[in-house]
Amino acid sequence: MKRVNVNITNTQKVSFEEICKPTSVSKTINRMPALEAEFKRVFGYDFTPFVLSDMIAECDKKEIKKLFKKIKTRYTNKYYLNIVLTSATDRANIVSKSTRLSISDWAFIDSVMTDTENDKTDTRGLSNFIFFLAFLIYCKNRNISITKPDMTDFSSPIFHVMGNKKWFKDKFCNMFDQLLTEKDIETTLDLFGGSGVLTGYIQDYCSKNNLNLESRYNDLDKNKLKFFKQLTTFPKELEHKCRKLLETYDYYNNKGDTESILKLKENAESLMSQKGLHGAAAFWYVNTTNKNGNVDKQKRKSLEEFAYASELYKNVIFERSNALYRLDKWYNDEKAFILVDPPYPYTLGYLHLLANEDFALEVHVKLYNKLLNAKATWVYFGRTDAPRSHRNNQNKKKLAFDDVQHLSFFDDAFQNKGLFYMDRKVNKNTERIVSNYPFEGFKPYVEERVSSSIEIEETEKVVLSPVEAEKPKEIVPSPVDAEETEVTVSSPVQIEETETVESTVHTESFHAKEIKTDNHETVIEEDTKKEHKECCVIKFFRKLFRCRE
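Each residue of the sequence shown is one higher than the one before, starting from 850 at the first, in the numbering used here.
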């Protein structure tokens, strides 16, 4: 069915207060010619049954029912409701078109629906009802502030790649709301665009609050940019092609044909680089599958948001450039808000991909230095511990070592630099968000007593008896060359930046398990014999784990 484009520009010139006057509405609307004239005056083009039919088809059935319950007149009964529901199609199920009416809007509708006891003919009732529907549809398409909670929500990435921030949505929206309240922000930049979910959250917020901000998305991946181009230009056609791919997958899956499922994914991967709808659909399909070619049930649901996401991303400026180059253009703009979600350091091997292959640690350092001198407001996303395997078969010692590498790398970059941060536990990892702006819930990023989960094979130890261990006395370090000594640490190690770092460690052996400390660090414990041991960590600890001199 052909969609009718409402001339919003013309309709916004209408004075609702003037229309609400009985002389201009109630006395003229009861005749069909007057109805047609009023329709043209409001919408900017001639009224025809076909036009109205198309407009009704754009309505959502659930929203129509809500409107009928809200307005009680002789024409908002089940009889007329069924007529409208029969005309409305299932494809128009987007709640974003839900009506947001002002007091003057309702006054106008009431005047249109005014009933008189002298004339109750079907013709007059039908004309009132038709115009009532037409005006509701017009209000659906007006660009007004939306505040009701039942509207469409941009809830998840439109396509899924490594590193999406679906888990951060609520907090991010609160941060953005605080920032716009307290600062004059004109531009947002998603420096490492990825799935575009952060840009989508921003556009969703702006749409709901009638804001007009310049929003930029930057990524080096051509396939992502080609997908967004098709999404914003041909959302329905793209959705149709994606559904066709899913139907083919479902057919093979129901037959248990794993070979054909893998072949389908391989074919899609070969089509990803193509231009147009075929390449975009193939790109989306590949990113909904796992290594075996099976489609993820949750990821496929993003199809339901294609139409709404298309409207959101139409206002975004898409760019393909090196992140540091793009940052140079905006980091000194005080009215810019920059989102920095790069490939995480030390994530090699995550999901069998080399996350740092094209973004080395040296580039991370350049990025950090640039951010530290930025006048723009920025938010940086990272992780303070190594990726955890869901199979729990990782080497505990190596994992503990990697945890220290992550945290040290983070602290070296941002600690004691006048910044702020917050931690969020996601699955088995700790995500850390750093900013140069004091968002609510963030705390100053200053040096603290760090708790680490370090465990390395020890060769030389100083062992205390249980009686000696219980005595509250100062432990004198053993005169061992720390640079040639391997140590075992199973309890939190406390580090303070001084001329020389010494740390007395009390360890207990027991079966391996993970526990969480007050600062959410993962600590490895072992449980066998309860022996009390101590060892010295001097220059060795600082050298090995990159503590600052």
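Ideal placement from N, C-alpha and C gives every residue a C-beta, glycine not left out. Please read all numbers here as calculations on a predicted model, not as lab measurements.
- As computed with DSSP, ILE1187 is found in a beta bridge with LEU1038, TRP1227.
- For the pair SER1170 and PRO1006, the CB atoms are not nearer than the 8 Å cut-off.
- Between TYR1162 and THR1081, the CB-CB gap stays under 8 Å.
- Nearest C-alpha to CYS1091 among ARG1149, VAL1212, GLY1290, ASN1265: ARG1149.
- Judged by DSSP in its simplified three-state form, TYR1180 adopts coil rather than helix or strand.
- Assignment of TYR1162 by DSSP, reduced to helix, strand and coil, places it in the helix class.
- For ILE1110, the enclosing alpha helix (DSSP H) stretches over residues 1107 to 1120.
- Note: PRO1293 is bridge-paired with PHE1269 in the DSSP secondary-structure output.
- Between ASP1234 and GLY1128, the alpha-carbon positions lie close to 37 Å from each other.
- Sorting GLU1108, LEU1113, THR1037, GLN1147 by C-alpha distance to the C-alpha of LYS1178 places THR1037 at the top.
- The criterion of a C-beta distance shorter than 8 Å is satisfied by ASP1068 and LEU1074.
- In this structure, DSSP gives VAL1135 a helical state, which the three-state scheme calls helix.
- When rounded, the separation of the alpha-carbon atoms in LYS1057 and PHE1132 is 29 Å.
- In this structure, VAL1144 keeps its C-beta atom at 8 Å or more from the C-beta atom of TYR1100.
- Leaving aside the five residues that flank TRP1016 on each side, the residues in its chain whose CB is nearer than 6 Å to its CB run, in chain order, VAL1275.
- Measuring C-alpha to C-alpha distances from VAL1046 to each of ASP1190, ASN1141, THR1107 identifies ASP1190 as the nearest.
- GLY1125 and PRO1084 have their alpha carbons spaced roughly 12 Å apart.
- Distances from the alpha-carbon of ASN1136 to those of CYS1022, LYS1292, LEU1188, PHE1076 put PHE1076 closest.
- When DSSP states are grouped into helix, strand and coil, ASN1278 belongs to the strand group.
- Looking only at ASN1278, ASP1039, PHE1263, the smallest Cα-Cα distance to ASN1285 is reached by PHE1263.
- According to DSSP, VAL1283 shares a beta bridge with TYR1229, TYR1270.
- With 16 or more other CB atoms across the displayed protein chains lying within 10 angstroms of its CB, GLY1142 is buried.
- Under the three-state reduction of DSSP, ASN1067 is assigned to strand.
- Residue range 1046 to 1057 is occupied by the alpha helix (DSSP H) that includes ILE1051.
- Exclusion of the five residues before and after LEU1040 leaves ASN1067, ALA1172, ARG1175, LEU1176, ILE1187, LEU1188, VAL1189 as the residues of its chain whose Cβ lies within less than 7 Å of its Cβ.
- The shortest C-alpha to C-alpha distance from TRP1227 to any of LEU1113, SER1004, MET1024 is the one to MET1024.
- In terms of CA proximity to ARG1273, PHE1291 leads the group PHE1291, GLU1296, TYR1217.
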